Ligand SMILES: Nc1nc2c(ncn2[C@@H]2O[C@H](COP(=O)(O)OP(=O)(O)OP(=O)(O)O)[C@@H](O)[C@H]2O)c(=O)[nH]1
Ligand SMILES: [Mg+2]
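In the working numbering, the protein residues as written are 886 to 1357.
Right under this line is the structure:
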C-alpha cells in the first residue's frame, strides 16, 4: 500500500493546483434565505475579484466580509447582491485560499454565480473534495472528516452530539492513543530482535499485558459501535397485525399527526406507509402495513405481500393485536412469520375498550419471553410504556452514555486490529521469539492507522470522500 503524503502544520503542500467550486448550501427551491458558493484553491481570490464588485473603500483582507454585487464580467451586469468572505491559506477549512459568495437563497442566483466561477477558471468540485483537501493538507484527520459528514447526515440530537464529539477529535484521540501504546511495545520488541544482548531483558509479561489491555479496549469500541449505528442510521420499525387492530392509529399516535387513514373497515391500509420520527434521541422509520389476512381482493393481496416483505426486512417488529378480541390463532400465525433474530414486541391495543368488552388481559410477557405491552392507540394510554419497551428491545438503553462510536469502515478496521492483537497474544502465549510477536502487532498498528488516515491509500480515500455531499 502506498500511503498518501499529507501536509503537516502550516506548511501547506499544494497537492492540487486546481481551484474548485461548488454550491455549499442545500440545493432546493425556496429552502433558505442564503445560499453559498464556495471556491478553494490558488485562483480563488483572483476569481473572486473578477466576479465581485465591492463599493467604497472596502479592502480585500483575509477573514473580512465584503459587501457588494456579483457581476458578469462579460457585460458588467449585476447577478446578485451578496457578501463575500475571503479566507487566505492556511487559515481556512482546506488550508488553501477560500472565497465564499453568500448569495440570496433559492436556485437562480446561486447557480448563476457558480456558472460564472466555472467560466472564470474554477472546476466543479467532486463530492467531498473540500474535505479531502482539508485532510490531505493536514487540517483534520480522517475520523474528524467523517464526523463532519455524519453531522450533516444526523437525524437526531444525540446523533449530532456524537458527530460533534468526533469533530472535536474524541475518536481520533482514542485511536491514536491506542496506536501510540502499541508502537511503544513494537519499539521495545524490535529493539530486542536487533540488539538483545546490549539491552536490559524485556519483561514479556508486561508487553503481553499491554497488548491484552489494548485488545480489550478495541473489543469494547467494536461492541459499542452497534449503538452508534442505531443513532446514525436509525431503526426500521414495522407495525404488523391483522386488519383493524389499530396499526394505522398507532402510527398516527407515535408520529403525533394524522399520517395514515383510519377507518373501522378492515383492509383500510393497502400500501406501505413510512413515517420518520425521533424517540428519545433515536431516529426511527415507522412502517404502517396492510393488515394480513386471506383475501381475494387483488390490490389488498399486493399490499399484504409488501407487509410480509417489510416484516422480514425490519430491525424491530411491533405485532399488534386487539385486546377486545384477544390473542387469536391468526395472531399466532402472524407471529410465526417474524424471522428469528428480529426483535419482536407484542402490542395489545384498545385497552380503553376492555372494560366494556371484558376481554382477557394478557401477561407481561408471552410464553417465550417476548414482552407484551398494552396500549390504546385511540387515547394514547400506554404510549410511554411502549416507547420504553421499544427502545429496550433494540438495545438502545445504553445510548445516553455513548461518547464515541465507530462507523462501519472504522469498525471493520478496529475488528481487524483486535484480531491481529489476538494472534499476537497467542504467539506470546506459546513462548515464541520476539520477532514472531511483532508480525501481527504491526498489522494491528496499520489497521489503527487506517482509521485516522495515517496509513491509507489514495483509492480508499477517494472512496470515503465520494460519499460526502458536493460542496463539503
Ligand atoms: N377503542 C379503540 N378503538 C381503536 C383503537 N385503535 C384503533 N381503534 C379503531 O379501530 C379501527 C381500525 O383502526 P385502524 O388504525 O384503521 O386499524 P388498522 O390495523 O390500520 O387496520 P387495517 O389498515 O385495515 O389493517 C378504527 O375504527 C379505529 O378508530 C383503540 O386503541 N381503542
Ligand atoms: Mg391501517
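C-beta: ideal position from N, C-alpha, C; glycine also.
Keep in mind the model is a prediction, meaning the values are calculated, not measured.
{"query": "Verify whether the separation of the beta carbon atoms of residue 1062 and residue 1353 is less than 9 Å.", "result": "no"}
{"query": "Return yes when at least one heavy atom of ligand 2 lies under 8 Å from the C-beta of residue 1123, else no.", "result": "no"}
{"query": "Is residue 1168 buried or exposed, if buried means 16 or more other CB atoms sit within 10 Å of its CB?", "result": "buried"}
{"query": "So, using beta-carbon positions, are residue 1160 and residue 1174 closer together than 9 Å?", "result": "no"}
{"query": "Would you list the one or two residues that DSSP bridges to residue 1292?", "result": "DSSP lists no partner for residue 1292."}
{"query": "Applying the 10 Å Cβ sphere with the 16-neighbour rule, what's the burial state of residue 1217?", "result": "exposed"}
{"query": "Would you identify the three-state DSSP class for residue 1366, choosing helix, strand or coil?", "result": "Nothing about residue 1366 can be read from this structure; the chain reaches only from 886 to 1357."}
{"query": "Just to check, is the beta-carbon of residue 910 closer than 8 Å to a non-hydrogen atom of ligand 2?", "result": "no"}
{"query": "Taking only heavy atoms of ligand 2 into account, decide whether any of them is closer than 8 Å to the Cβ of residue 1133.", "result": "yes"}
{"query": "Take residue 1345 and list the residues in its own chain whose beta-carbon comes closer than 6 Å to its own, dropping the five residues that flank it on each side.", "result": "none"}
{"query": "By Cβ distance, which residues of its chain are closer than 6 Å to residue 1312, with the 5 residues on each side in sequence left out?", "result": "1321 and 1322"}
{"query": "Mind pulling the beta strand (DSSP E) runs of 3 or more residues that sit fully within the region 1096–1162?", "result": "1120–1126"}
{"query": "Considering only DSSP beta bridges, list what residue 949 is partnered with.", "result": "971"}
{"query": "Does the distance between the C-beta of residue 831 and the nearest non-hydrogen atom of ligand 1 fall short of 8 Å?", "result": "This structure leaves residue 831 out entirely; the chain is present only between 886 and 1357."}
{"query": "When you compare the region 1019–1036 with the region 968–985, are there three or more beta-carbon pairs, one atom per stretch, that lie closer than 8 Å?", "result": "yes"}
{"query": "I need the straight-line Cα distance from residue 1088 to residue 1220, nearest angstrom please.", "result": "58 Å"}
{"query": "Look at the Cβ atom of residue 1287, then the Cβ atom of residue 1047, and state whether they are nearer than 9 Å.", "result": "yes"}
{"query": "Determine whether the beta carbon atoms of residue 1078 and residue 986 lie at a separation below 9 Å.", "result": "no"}
{"query": "When every heavy atom of ligand 1 is checked, does at least one fall within less than 8 Å of the C-beta of residue 1182?", "result": "no"}
{"query": "Could you tell me whether the region 1126–1138 touches the region 1333–1351, using the rule of 3 or more Cβ pairs below 8 Å?", "result": "no"}
{"query": "Taking the continuous alpha helix (DSSP H) assigned at residue 923, which residues delimit it?", "result": "No alpha helix (DSSP H) holds residue 923; the beta strand (DSSP E) holding it covers 919–925."}
{"query": "Residue 1101: buried (16+ other C-beta within 10 angstroms of its C-beta) or exposed?", "result": "exposed"}
{"query": "Evaluate residue 905 with the Cβ neighbour count: other Cβ atoms within 10 Å of its Cβ, from every protein chain shown; 16 or more gives buried, anything less gives exposed.", "result": "buried"}
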